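Beneath this line is the structure, given in structure tokens, with notes to follow.
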Amino acid sequence: MMPPLLRDAEALGDDGRGIRFQLLQLSGWLMVQTRQFNAAEVALRRAMDDATDRLEGAATMNTWCWLLLRQGDLGKAYDLAVRWADETEPRITRASPEELSTWGIMLLRVSGAAIRNSQQGAAQDALRFANSAAAALGREYVPRSAYLVGMRNFGPTRVKLQAAENASVMDQPDLVLRLSQKISARSQASNNRNRHFLDVADAYAKTGHYSEAFGKLAQIRECSPEWLPNQRYARDIFGKIVKGRRTLTDEMREMADLVGLPL
């Protein structure tokens with residue numbers, strides 16, 4: 001579907017710049033999701049060429065940071081996220097909700113990159129600033145740019161999700177479970193919600209609560225069956241469940257097939 005749409009947008013020349021940007025940014029995100037990293041970089045680079053403002057640039061760089069993280073280039077991902085958090089930082093007393101949301105999302109990317117790069121202090125600092133932006137908003141905000149993948153909402157709940165993710169990266173499953181009790185993820189974009197459910201499932205598996213861990217995976221499967229097979233994290237979690245249980249149900253065997261785990 002995407003190639004003919006991109007060809008049509010390309011044929012429009014300058015008149016198609018806006019739609020071409022949206023298609024390229026979405027294509028890049030989808031390719032990162034499916035681990036087509038080289039093609040993703042090409043799409044994101046072209047999207048950046050067509051970006052018309054700082055917000056579109058930030059959305060593209062947010063996905064690019066995610067690409068670098070999935071490639072294991074943690075230092076470069078952190079540096080890029082910091083640069084764009086600095087680029088989008090507003091004066092809080094005069095900032096629009098759109099500006100606060102964009103800055104907050106980039107700060108969450110800084111925090112996520114930092115915690116994976118063993119920079120715990122930097123991760124906590126970025127999360128604290130993101131919390132300030134969320135407090136200034138006072139709610140989950142859906143910007144006009146909701147069509148931009150990765151920029152669909154920001155607010156206090158999104159910050160809590162990042163705190164739980166950081167705890168998961170730091171191998172603190174008990175903290176993940178405590179934080180999750182204070183989070184209602186229903187208002188979040190499906191990708192953010194599903195990722196949080198994976199963190200919770202992993203925490204349950206690490207603490208020996210295998211039925212609860214499987215329940216979270218089943219919850220994701222019910223809502224996003226097409227998303228789960230692309231998640232190596234889900235396969236790793238289910239591997240812990242299999243090792244911890246004496247017997248597997250038929251439903252669990254179906255899950256193994258879905259996530260690609262040989263039994």
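1 is the number of the first residue of the sequence shown in the UniProt record's numbering; add one for each residue after it.
Glycine included, each C-beta is placed from N, C-alpha and C at the ideal position.
As the structure is a computational prediction, the values presented were derived from the model and not from experiment.
(request) Return yes when the Cβ of L44 is within less than 9 Å of the Cβ of T60, no when it is not. (result) Yes, Cβ-Cβ distance for T60 and L44 is below 9 Å.
(message) What does the alpha-carbon distance come out to for the pair A167 and Q71?
(response) Straight-line Cα distance between these residues: approximately 21 Å.
(message) Let me make sure I understand the geometry here. Which of R246, Y233, K243 has the alpha-carbon closest to that of G260?
(response) Nearest of R246, Y233, K243 to G260, Cα basis: Y233.
(message) Run through the DSSP bridge pairs and tell me what F154 is partnered with.
(response) Residue pairing by DSSP places F154 opposite Y141 in a beta bridge.
(request) Can you have a look at R253 and say buried or exposed, based on whether 16 or more other CB atoms are within 10 angstroms of its CB? (result) Exposed.
(request) Compute the distance between the beta-carbons of T63 and Q36, then report whether it is under 9 Å. (result) No; because the gap between Cβ atoms is not below 9 Å, this pair is not in contact.
(request) Please work out which residues of its chain come closer than 8 Å, Cβ to Cβ, to S190, disregarding the five sequence neighbours upstream and downstream, and give them in chain order. (result) If we look at S190 and ignore the five residues flanking it on each side, its Cβ neighbours are C223, S224, W227.
(message) Could you tell me the alpha carbon to alpha carbon distance between F214 and R221, rounded to whole angstroms?
(response) In a straight line, the C-alpha of F214 is about 10 Å away from that of R221.
(request) Use the C-beta contact count for L100: other C-beta atoms within 10 angstroms, 16 or more gives buried, fewer gives exposed. (result) By the Cβ-count criterion, L100 is buried, with 16 or more other Cβ atoms from all chains shown falling within 10 Å of its own Cβ.
(request) Just the C-alpha distance for Q119 and D250, rounded to the nearest angstrom, thanks. (result) Taking the straight line from one Cα to the other gives about 42 Å.
(message) My assumption, with CB atoms under 8 Å, is that K216 sits in contact with V200. Please give the rounded CB distance.
(response) At roughly 5 Å, the Cβ-Cβ gap stays under 8 Å, so K216 and V200 are in contact.
(message) At the level of alpha carbons, what is the spacing between L177 and A203?
(response) Going by C-alpha positions, L177 is about 7 Å away from A203.
(request) Please state whether DSSP places S96 in a helix, a strand or coil. (result) When DSSP states are grouped into helix, strand and coil, S96 belongs to the coil group.
(request) Since I believe W103 is in contact with A133 (beta carbons under 8 Å), could you give me their beta-carbon distance rounded to a whole number of angstroms? (result) A133 to W103, Cβ: 6 Å. Contact.
(request) Kindly list the residues whose CB is nearer than 8 Å to the CB of A185, restricted to its own chain and excluding five residues on each side of it in sequence; keep chain order. (result) Taking C-beta separations shorter than 8 Å and ignoring five residues to either side along the sequence, the partners of A185 in its chain run T157, L161, N192, R193, H196, F197, following chain order.
(request) Measure the alpha-carbon distance for L175 versus I115 and round it to whole angstroms. (result) CA-CA distance, L175 to I115, rounds to 15 Å.
(request) Assign E254 to one of three DSSP states: helix, strand, or coil. (result) E254 falls in the helix class under three-state DSSP.
(request) For G239, collect the residues of the same chain with a Cβ closer than 7 Å to its Cβ; drop the 5 residues on either side in sequence, then sort them by chain order. (result) Cβ within range, chain order: L261.
(message) Going by beta-carbon coordinates alone, are S40 and L67 separated by less than 9 Å?
(response) First, the residue type needs correcting, since residue 40 is Ala and not Ser in the sequence shown. Taking 9 Å as the Cβ cut-off, A40 and L67 qualify as a contacting pair.
(request) Would you kindly report the start and end of the unbroken alpha helix (DSSP H) that includes H196? (result) Its alpha helix (DSSP H) spans residues 190-206.
(message) Between which residues of its own chain and N230 is the CB-CB distance below 8 Å, once the five residues before and five after are set aside?
(response) Result list for N230: Q33, T34, R35, in chain order.
(message) Output needed for V242: all residues of its chain with C-beta closer than 8 Å, excluding positions within five of it in sequence on either side, in chain order.
(response) Short of 8 Å from the beta carbon of V242, and not among the five residues preceding or following it, lie these beta carbons of its own chain, in chain order: L248, M252, A256, L261, L263.
(request) Tell me whether P173 sits in a helix, a strand or coil according to DSSP, three-state version. (result) Three-state DSSP puts P173 in a helix.
(message) I need the boundaries of the alpha helix (DSSP H) containing D73, first residue and last residue.
(response) In the DSSP assignment, D73 falls outside any alpha helix (DSSP H) and carries neither an H nor an E.
(request) Would you decide whether A135 is buried or exposed? Buried here means 16 or more other CB atoms lie within 10 Å of its CB. (result) Burial check for A135: the Cβ neighbour count within 10 Å stays below 16, so the residue is exposed.
(request) With a cut-off of 8 Å on the beta carbons, I'd call C65 and L80 a contact; round off their distance for me. (result) That belief holds up - the Cβ atoms of C65 and L80 are roughly 5 Å apart, short of 8 Å.
(message) On the CB-based measure, 16 or more other CB atoms within 10 Å of its CB, does D50 come out buried or exposed?
(response) That one is buried.
(request) Would you tell me roughly how many angstroms separate the C-alpha atoms of Q219 and E87, rounded to the nearest one? (result) Whole-angstrom Cα-Cα distance: 38 Å.
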